[in-house]
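Enquirer:
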Amino acid sequence: MISTLYLSLALVAGAFAQSSVSPIAQKITALRDAPTQVDRIKLLDKDTDFTFNFLNATATKGAGGAAVGATVANFPALVNNAMAMTIGFLGPCGMNTPHTHPRATEMLYVVNGTLSSGMIAENGARFVFNTLEAGSAMLFPKGSIHFQQNEGCEPMMFVAALNHEDPGVESIAQRYFGLPPDVVAASLGDIGVQEVAGIEDMIPDNIALGTQECLDRCGIKRDGQPTTQRQPRNANNALPGQSSGDWAATSTTAASWQTTGSAYATSTSTHYSRDTQQTGALFGAVAEDAQTVVSKGVPNGVLIALIAVVGVMGLGYCAIAVVYFVSRRRAAKEKAANRWYVRPEMAGRTLVPTTEERGDEKYDAPA
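Under mature numbering (1 follows the signal peptide of the UniProt record, and there is no 0), read the sequence shown as residues -17 to -1, 1 to 350, first letter to last.
(1) Between C197 and P209, what straight-line distance do the alpha-carbon atoms span, to the nearest angstrom?
(2) Under a Cβ-count criterion, where at least 16 other Cβ atoms within 10 Å of its own Cβ denotes burial, should A248 be classed as buried or exposed?
(3) So the candidates are N106, F58, A46; which of them puts its Cα closest to the Cα of N39?
(4) According to the neighbour-count rule (16 or more other Cβ atoms, all chains shown, within 10 Å of its Cβ), is I186 buried or exposed?
(5) Helix, strand or coil for E116, going by three-state DSSP, please let me know.
(6) By how many angstroms is the C-alpha of G299 removed from the C-alpha of residue 367?
(7) Taking V51 as the reference, which of M66, P85, F160, F141 has the closest Cα?
(8) List the DSSP bridge partners of K44.
(9) Quick check: the region 22 to 30 against the region 165 to 173, are there 3 or more CB pairs under 8 Å?
(10) Where does H160 land, buried or exposed, given buried means 16+ other C-beta within 10 angstroms?
(11) Tell me the rounded alpha-carbon separation between S3 and V62.
(12) Tell me the residue span of the alpha helix (DSSP H) that contains V94.
(13) State the CB to CB distance for the pair E89 and A143, rounded to an integer number of angstroms; the pair is presumed to be in contact (CB under 8 Å).
(14) Could you please give the first and the last residue of the uninterrupted alpha helix (DSSP H) stretch that includes G181?
(15) Going by other Cβ atoms of all chains shown within 10 Å of its Cβ, with 16 needed for buried, is S310 buried or exposed?
(16) Find the nearest neighbour of Q20 within the set G224, Q157, A60, I174, judged by alpha-carbon distance.
(17) May I ask you to report which of helix, strand or coil DSSP gives Q212?
(18) Within the same chain, show all residues whose beta-carbon is closer than 8 Å to that of residue 434, passing over the 5 residues directly before and after it, in chain order.
(19) Out of curiosity, what's the CA-to-CA distance linking G297 and F308?
(20) Give me, in chain order, the residues of the same chain whose beta-carbon lies closer than 6 Å to that of F122; leave out the 5 immediate sequence neighbours on both sides.
(21) If distances are taken between C-alpha atoms only, which option among S5, T69, G107, G193 comes closest to C136?
(22) Measuring only the C-alpha atoms, how far is R200 from E134?
(23) Give me the Cα-Cα distance between G294 and V306, rounded to the nearest whole angstrom.
(24) Under DSSP, the alpha helix (DSSP H) around P138 begins and ends at which residues?
(25) Looking at the structure shown, is N39 part of a helix, part of a strand, or coil, going by DSSP?
(26) Less than 8 Å between the beta carbons of L145 and A87, yes or no?
(27) Comparing C-alpha positions only, which one of Q131, K125, I103 sits nearest to E116?
(28) If we call anything under 8 Å between Cβ atoms a contact, is P85 one with A104?
(29) Counting only the same chain and skipping the five closest in sequence on each side, list residues whose C-beta sits under 8 Å from that of N220.
(30) Nearest by alpha-carbon distance to G71: which of K44, A65, V55, N106 is it?
(31) How far does the alpha helix (DSSP H) with L26 in it extend, from its first residue to its last?
(32) Going by CA-CA distance only, name the one from A314, P150, A291 that's closest to A65.
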């Protein structure tokens, strides 16, 4: 009985595990397992599997603009093709804050506007800085810390190609201040963990508003920037006075910070020139059409039916077990209540139940 229940639960658990994996993850796994490129193309059986619409994809958004990336995570056709791409929509003075790509070299092309960009490749390397006009590009070696800022007072766009299907992004400020506060404090000359916590709480989401000089020139106030891209906390990197119940409040989730640039696009659309109106339209399209591409793994009808059946079976087994043990206990009580013994002179006669106590001494029959 119990083994049957365990088997049923195991089958349902296996089915649930399969259904909880998103279809895109299943396709990526199949593409990685395919032995040849021909086999991979067979798996990509729709012509549209080889296209990616940047205006209908999830965007990473901050107060200064938005960025949309095409990586293997949302574009399976990139499997085994060693490349990815990001489109950046920077608002006036918008900054793609300092970050690295741990697995990819980047080449960034400016579509319109003026972009300032700098990088440091590694310890000992000099700081490299350029101001790029439309039609120019800049190279950022793998692992280098780099940033970009729109130097204009109107929106601009850039296109970045990366030589890895899963380039990765590590935002320097958020990740650095996500280390244990005492470690950060010590590395900054022992400024104090409370000061570290205060700074960490102010770090704006990417894409952020840029330098104060640009904001003053464009008449933009630095306020209302979201701070949801913070490093998740646990017992090993908790902020001062933070308990386990507070850790979720500082965690980073895709749903919380990978949104669209609708608010920014709406608030600045009246300032666009003819050229920048087109960039603004891209912002609007991203805002209107962007949908999360990661499946939430909701169980299908068959799985729900299986769970219901196993649930009923489990309740039935529990009921049977209760009845069985109650019956055994009742039978044991009745057996104890109906014990008897036979007097010597009654041997061979009809047995009569009695509740009389039996002593240890030998019974003496009457003469």
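We put the CB at the ideal spot given by N, CA and C, even for glycine.
Expert: So, from the data block:
(1) In the sequence shown, residue 197 corresponds to position 214, counting from 1. In the sequence shown, residue 209 corresponds to position 226, counting from 1. When rounded, the distance between both Cα atoms is 20 Å.
(2) Here residue 248 is taken as the residue at index 265 of the sequence shown, counted from 1. The predicted position of A248 is uncertain, since its pLDDT is 41 and thus under 50; no value can be drawn from it.
(3) Within the sequence shown, numbered from 1, the residue matching residue 39 stands at position 56. Nearest C-alpha to N39: F58.
(4) Sequence index remark: in the sequence shown, residue 186 carries index 203 (1-based). Looking at its Cβ environment, which holds 16 or more other Cβ atoms inside 10 Å, I186 is buried.
(5) Residue numbering aside, residue 116 sits at position 133 when the sequence shown is read from its first letter. Strand at E116.
(6) The structure shown has nothing for residue 367, since the chain only spans -17 to 350.
(7) Against the sequence shown, residue 51 aligns to sequence position 68. When each option's Cα is compared against that of V51, the closest is F141.
(8) The residue given as residue 44 occupies position 61 in the sequence shown. According to DSSP, which records beta bridges pairwise, K44 is partnered with A49.
(9) no
(10) For the purposes of this step, residue 160 is taken as residue 177 along the sequence shown, with counting starting at 1. A quick correction: the sequence has Phe, not His, at residue 160. Counting of Cβ neighbours within 10 angstroms places F160 among the buried residues, the total reaching 16 or more.
(11) Taking the first residue of the sequence shown as position 1, residue 3 is located at position 20. Taking the first residue of the sequence shown as position 1, residue 62 is located at position 79. Distance between the alpha carbons of S3 and V62: 22 Å.
(12) Here the question's residue 94 lines up with position 111 in the sequence shown. Premise fails: V94 is in no alpha helix (DSSP H) and is neither H nor E.
(13) Stepping through the sequence shown from its first residue, residue 89 is reached at position 106. Stepping through the sequence shown from its first residue, residue 143 is reached at position 160. Right, their Cβ atoms sit about 5 Å apart.
(14) The residue labelled residue 181 in the question sits at position 198 within the sequence shown. In the DSSP assignment, G181 falls within the unbroken alpha helix (DSSP H) covering 176 to 183.
(15) Taking the first residue of the sequence shown as position 1, residue 310 is located at position 327. The residue is exposed, with fewer than 16 neighbouring Cβ atoms inside 10 Å.
(16) Counting from 1 along the sequence shown, the entry for residue 20 is found at position 37. When only C-alpha atoms are compared, the closest one is A60.
(17) Counting from one through the sequence shown, the residue named residue 212 turns up at place 229. Three-state result, Q212: coil.
(18) Outside the shown range of the chain (-17 to 350) lies residue 434, about which nothing can therefore be said.
(19) By 1-based counting over the sequence shown, the position of residue 297 is 314. By 1-based counting over the sequence shown, the position of residue 308 is 325. Computed Cα separation, rounded: 17 Å.
(20) Locating residue 122 in the sequence shown gives position 139, where the first residue counts as 1. In the sequence as presented, Phe is not what sits at residue 122; that position holds Leu. For L122, where only same-chain residues beyond five positions count, the Cβ hits under 6 Å are M90.
(21) Taking the sequence shown and counting its residues from 1, one reaches residue 136 at position 153. Nearest C-alpha to C136 among S5, T69, G107, G193: G193.
(22) Working through the sequence shown from its first residue, we reach residue 200 at position 217. Working through the sequence shown from its first residue, we reach residue 134 at position 151. In this structure, the straight-line span from the alpha carbon of R200 to that of E134 is close to 10 Å.
(23) Here the question's residue 294 lines up with position 311 in the sequence shown. Here the question's residue 306 lines up with position 323 in the sequence shown. Looking at the two C-alpha atoms, the distance is approximately 19 Å.
(24) In the sequence shown, residue 138 corresponds to position 155, counting from 1. Counting along the chain, P138 falls outside any alpha helix (DSSP H), and DSSP gives it neither H nor E.
(25) Counting from one through the sequence shown, the residue named residue 39 turns up at place 56. Three-state DSSP puts N39 in a helix.
(26) Within the sequence shown, the letter at position 162 stands for residue 145. Within the sequence shown, the letter at position 104 stands for residue 87. Yes.
(27) For this step, residue 116 is matched to residue 133 along the sequence shown. Nearest option by C-alpha distance: Q131.
(28) Taking the sequence shown and counting its residues from 1, the one referred to as residue 85 is at position 102. Taking the sequence shown and counting its residues from 1, the one referred to as residue 104 is at position 121. Going by C-beta atoms, P85 is not nearer than 8 Å to A104.
(29) Taking the first residue of the sequence shown as 1, we reach residue 220 at position 237. G161, L162, P163, P164, Q214.
(30) The sequence position of residue 71 within the sequence shown is 88, counting from 1. Checked all of K44, A65, V55, N106; the closest Cα to G71 is K44.
(31) Against the sequence shown, residue 26 aligns to sequence position 43. Per DSSP, L26 belongs to the alpha helix (DSSP H) from 20 to 26.
(32) For this step, residue 65 is matched to residue 82 along the sequence shown. With distances taken between Cα atoms, A65 lies closest to P150.
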